[in-house]
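**Student:**
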Amino acid sequence: MKKLLISLIAVLIVACNSDYYIAPTDSHITFENIKFFRTPVHSESNPFKYRLSYYFDNGKLCRWMELDSLGKVMTDYICEYDKNWKQTGARYREDSATDFSIERVRFENDRAKVTEWIDSIGNVYYTMTDFLNHEDKTFRAEFKGDKIHGYDSTFYTKQGFTKRIFFTNTKGKVFNDRTFKYDSINNYDDWVGRKKIMNDSVMEIQIRETYYDSNFVTKNGIFYQGILSTGELSENVFSFTKDQKQFFQTRTSDWDNQFGYLSRKINGLFTESIPLTVLDTIYNGAISPNGNKIIFCLKKQKGPQVWLMEKDEDNWLEPFNLTQHSKIKGGYFYWLSDNELFFYTPENNGDIVQGKLENNHLTIIDSLPNLNTESGTEFSPYVDKDKRFIVFTRYIEGDTAQQGFFISYNLGDFSSPEWSSPEKLTRLPYGWNAYFINSESQFLYTNGDDIISVPSTVLSLKI
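Take the sequence shown: its letter number 6 is residue 20 in this note's numbering, and every next letter is one higher.
Here it is in structure tokens:
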């Protein structure tokens, strides 16, 4: 068993040394992913569940989720704090519930934290009181409904890791007694591998991925797993505002009818995706650099109809039909500036064009002939802010050499670009919605299921 745990940890370390790994840059965890394996464990074992935790840039816990073996969320817990970062409550949901339930948190003193579960009419129906040690960790917890049901007792190692937990009822009988043995600790003194032991038997092996950067990417490349990449719906297109503090995306279980979601970065973290119900169902879209516009399309029999929705202070206005006004159809948009866009048009089996948006009128200013083919579909462009290059997706039926991401470099200048013949980015699988973030150090795309992230060095760009 010990050899197998060591081998599992070794696999994790090898993966972290691959091209897809970005080294830690800070001292506190920003994101972690614990994988739970039932024993006995063998080389083909898969986790039976995962626990993801996200932390704000001040180290405070923002949100944790437990996922089943297929990535479906079983429990979702979002913390709430006051202006002094004292926890005041939480929202949580379990077993695929769509609505969140409410927890209320208060402190009787510095060493007693009271969590109250609230029913639908605002009454407290259950209470947990955590008694805290000098490291603000629970050493005893009291559970109370109409009466006290019992207590949890928790003990810690010298490093502050959980060593033993057990529940004692009011008659003194002990239940669910488990201990944890730690087999590996990383350079930041955080545990990486441990065993869960009950009745002298190893019941679980738990492997922990810890991250200290601001990339929020799992070992297998999923970006913001459970938050922006849900694992339950298919992620189609996404875009950021110029300051990368707002994130718009569409996701769906029905490809032709997708839903728009907007996320905002709070204290260094995209905390949750909020549905944009004003959009109803769309096909794809993108948010403008200033965050005040969303251009989107609807899939119709006569081709993709382009619409524009603008914001007035905090309210989104009724969408405006650009196709009707400008006689242009299109989709898979990328905003270079607040009035200059690159997007797909259905002409010629699907081409990328450059457009201009002024006074609710969309015009095509460059058909980009060097990028497009007669028989293939080119779509979903990303354009470097200085117009040094364009990355886009091409698909020609039956020709795998012409399926995937392609890049074209600007041989001219910003004002008069001359786009080179496109080259395939061979180290990337098929996908779309190319996007660079974090000073172009991080490359994102979608594979139709999740948003995937790789270091931009993987692309070997000639810039």
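All C-beta atoms, glycine included, are put in the ideal place defined by N, C-alpha and C.
Pair every Cβ in the stretch 65 to 75 with every Cβ in the stretch 41 to 52, then say whether three or more of these pairs are closer than 8 angstroms.
**Tutor:** Touching, yes.
**Student:** Going by C-alpha distance, which of Y423, Q416 and F450 is nearest Y444?
**Tutor:** Within the sequence shown, residue 444 is the residue found at index 430, counting from 1. For Y444, the nearest C-alpha among the options comes from Q416.
**Student:** Between D352 and P303, which are expected to be in contact by the criterion C-beta below 8 angstroms, what is the C-beta distance as a whole number of angstroms?
**Tutor:** Stepping through the sequence shown from its first residue, residue 352 is reached at position 338. Stepping through the sequence shown from its first residue, residue 303 is reached at position 289. That pair is a contact at about 6 angstroms.
**Student:** According to DSSP, E223 sits in a beta bridge with which residue or residues?
**Tutor:** The sequence position of residue 223 within the sequence shown is 209, counting from 1. N47, per the DSSP bridge assignment.
**Student:** DSSP has S422 in a bridge; who is on the other side?
**Tutor:** The sequence position of residue 422 within the sequence shown is 408, counting from 1. According to DSSP, S422 bridges with I404.
**Student:** Pick helix, strand or coil for N363, following the three-state DSSP scheme.
**Tutor:** As a working note, residue 363 is residue 349 in the sequence shown. In the structure shown, N363 sits in a helix (DSSP, three-state: H, G or I).
**Student:** My understanding is that S248 touches T266, with C-beta atoms under 8 angstroms, so please give their C-beta distance in whole angstroms.
**Tutor:** For this step, residue 248 is matched to residue 234 along the sequence shown. For this step, residue 266 is matched to residue 252 along the sequence shown. Contact flag correct, Cβ pair sits at about 6 angstroms.
**Student:** Quick one: which unbroken beta strand (DSSP E) runs of 3-plus residues sit fully inside the stretch 142 to 182? Chain order, please.
**Tutor:** The stretch 142 to 182 contains these whole beta strand (DSSP E) runs: 152 to 158 and 162 to 170.
**Student:** To the nearest angstrom, report how far apart D268 and D109 are at their CA atoms.
**Tutor:** Your numbering for residue 268 matches position 254 in the sequence shown. Your numbering for residue 109 matches position 95 in the sequence shown. Approximately 22 angstroms, taken between the alpha carbons.
**Student:** Let's test the definition: count the other Cβ atoms within 10 Å of the Cβ of T414 and tell me whether it reaches 16, buried, or not, exposed.
**Tutor:** Position 400 of the sequence shown holds residue 414. It counts as exposed.
**Student:** What residues are listed by DSSP as bridge partners for K313?
**Tutor:** Looking up residue 313 in the sequence shown gives position 299. In the DSSP output, where bridge partners are listed per residue, K313 has none listed.
**Student:** Quick one: is E392 buried, meaning 16 or more other Cβ sit within 10 Å of its Cβ, or exposed?
**Tutor:** Reading the sequence shown from its first residue, position 378 is the one you call residue 392. So E392 counts as buried.
**Student:** Could you check where the beta strand (DSSP E) with H375 kicks off and where it finishes?
**Tutor:** Along the sequence shown, read from residue 1 onward, the residue named residue 375 stands at position 361. H375 to D380 is the span of the beta strand (DSSP E), which, as asked, contains H375.
**Student:** Hey, quick one: how far does the alpha helix (DSSP H) through Q416 stretch, first residue to last?
**Tutor:** The residue labelled residue 416 in the question sits at position 402 within the sequence shown. Counting along the chain, Q416 falls outside any alpha helix (DSSP H), and DSSP gives it neither H nor E.
**Student:** Can you check whether the CB of F262 is closer than 7 angstroms to the CB of I301?
**Tutor:** For the purposes of this step, residue 301 is identified with residue 287 of the sequence shown, where counting begins at 1. For the purposes of this step, residue 262 is identified with residue 248 of the sequence shown, where counting begins at 1. Contact flag set, yes.
**Student:** What is the DSSP secondary structure of L473, reduced to helix, strand or coil?
**Tutor:** What you label residue 473 is simply residue 459 of the sequence shown in a count that begins at 1. Looking at L473 - three-state DSSP - the assignment turns out to be helix.
**Student:** Is the CB-CB distance between F403 and P395 below 7 angstroms?
**Tutor:** Here the question's residue 403 lines up with position 389 in the sequence shown. Here the question's residue 395 lines up with position 381 in the sequence shown. No; because the gap between Cβ atoms is not below 7 angstroms, this pair is not in contact.
**Student:** Taking Cβ positions, are Y346 and N281 nearer each other than 7 angstroms?
**Tutor:** Position 332 of the sequence shown, counted from the first residue, corresponds to residue 346. Position 267 of the sequence shown, counted from the first residue, corresponds to residue 281. No. Outside cutoff.
**Student:** How should V188 be labelled, buried or exposed, when 16 other C-beta atoms within 10 angstroms of its C-beta is the threshold for buried?
**Tutor:** The residue you call residue 188 lines up with position 174 of the sequence shown. The residue in question, V188, is exposed, as its Cβ has fewer than 16 Cβ neighbours within 10 Å.
**Student:** Terminal residues of the continuous alpha helix (DSSP H) containing L336?
**Tutor:** For the purposes of this step, residue 336 is taken as the residue at position 322 of the sequence shown. Looking at the DSSP string, the run of the alpha helix (DSSP H) that includes L336 is L336 to S340.
**Student:** Could you tell me whether the stretch 368 to 387 touches the stretch 429 to 438, where touching means 3 or more Cβ pairs closer than 8 angstroms?
**Tutor:** Flag = yes, the stretch 368 to 387 and the stretch 429 to 438 touch.
**Student:** Is F51 near I179, with beta carbons less than 7 angstroms apart?
**Tutor:** The residue given as residue 51 occupies position 37 in the sequence shown. The residue given as residue 179 occupies position 165 in the sequence shown. Going by C-beta atoms, F51 is not nearer than 7 angstroms to I179.
**Student:** Please classify T440: does DSSP put it in a helix, a strand, or coil?
**Tutor:** Within the sequence shown, the letter at position 426 stands for residue 440. The answer is coil: DSSP assigns T440 none of H, G, I, E or B.
**Student:** Would you list the residues sitting across from P54 in a DSSP beta bridge?
**Tutor:** Reading the sequence shown from its first residue, position 40 is the one you call residue 54. DSSP, once it has assigned bridges, lists no residue as partnering P54.
**Student:** Looking only at its chain, what residues have a beta carbon closer than 7 angstroms to the beta carbon of S389, apart from the 5 residues adjacent to it on each side?
**Tutor:** Along the sequence shown, read from residue 1 onward, the residue named residue 389 stands at position 375. Only N363 and I410 meet the Cβ criterion.
**Student:** T102 by DSSP, collapsed to three states: which one?
**Tutor:** Residue 102 sits at position 88 when you count from the first residue of the sequence shown. Three-state result, T102: strand.
**Student:** Rounded to whole angstroms, what is the Cα-Cα separation between D150 and R408?
**Tutor:** Within the sequence shown, residue 150 is the residue found at index 136, counting from 1. Within the sequence shown, residue 408 is the residue found at index 394, counting from 1. Going from the Cα of D150 to the Cα of R408 covers about 54 angstroms.
**Student:** Are the beta-carbon atoms belonging to E117 and T129 less than 7 angstroms from one another?
**Tutor:** Along the sequence shown, read from residue 1 onward, the residue named residue 117 stands at position 103. Along the sequence shown, read from residue 1 onward, the residue named residue 129 stands at position 115. Yes, the pair counts as a contact, with Cβ atoms nearer than the cut-off.
**Student:** Between which two residues does the beta strand (DSSP E) holding A126 run?
**Tutor:** Here residue 126 refers to the residue found at position 112 when the sequence shown is read from its first residue. A126 -> beta strand (DSSP E) spans A126 to I132.
**Student:** Give me the Cβ distance between I342 and V320, rounded to the nearest whole Å; I'm assuming they're in contact under 8 angstroms.
**Tutor:** Taking the sequence shown and counting its residues from 1, the one referred to as residue 342 is at position 328. Taking the sequence shown and counting its residues from 1, the one referred to as residue 320 is at position 306. Yes, they are in contact, since the Cβ atoms of I342 and V320 sit about 6 angstroms apart, within 8 angstroms.
**Student:** With H, G and I counted as helix, E and B as strand and the rest as coil, what does DSSP make of T244?
**Tutor:** As a working note, residue 244 is residue 230 in the sequence shown. The answer is coil: DSSP assigns T244 none of H, G, I, E or B.
**Student:** Applying the 10 Å Cβ sphere with the 16-neighbour rule, what's the burial state of A155?
**Tutor:** By one-based count along the sequence shown, residue 155 stands at place 141. When all chains shown are included, A155 counts as buried.
**Student:** Straight-line CA distance for T89 to D82?
**Tutor:** Taking the first residue of the sequence shown as position 1, residue 89 is located at position 75. Taking the first residue of the sequence shown as position 1, residue 82 is located at position 68. One C-alpha to the other measures close to 9 angstroms.
**Student:** At which residue ranges does the stretch 255 to 312 contain complete beta strand (DSSP E) runs of 3 or more residues, listed in the order of the chain?
**Tutor:** Counting whole runs of 3 or more residues, the stretch 255 to 312 contains the beta strand (DSSP E) stretches 260 to 266, 272 to 280, 298 to 301 and 307 to 312.
**Student:** Taking the Cβ atom as the reference point for each residue, do F153 and T168 lie within a distance shorter than 7 angstroms?
**Tutor:** Counting from one through the sequence shown, the residue named residue 153 turns up at place 139. Counting from one through the sequence shown, the residue named residue 168 turns up at place 154. Yes; because the gap between Cβ atoms is below 7 angstroms, this pair is in contact.
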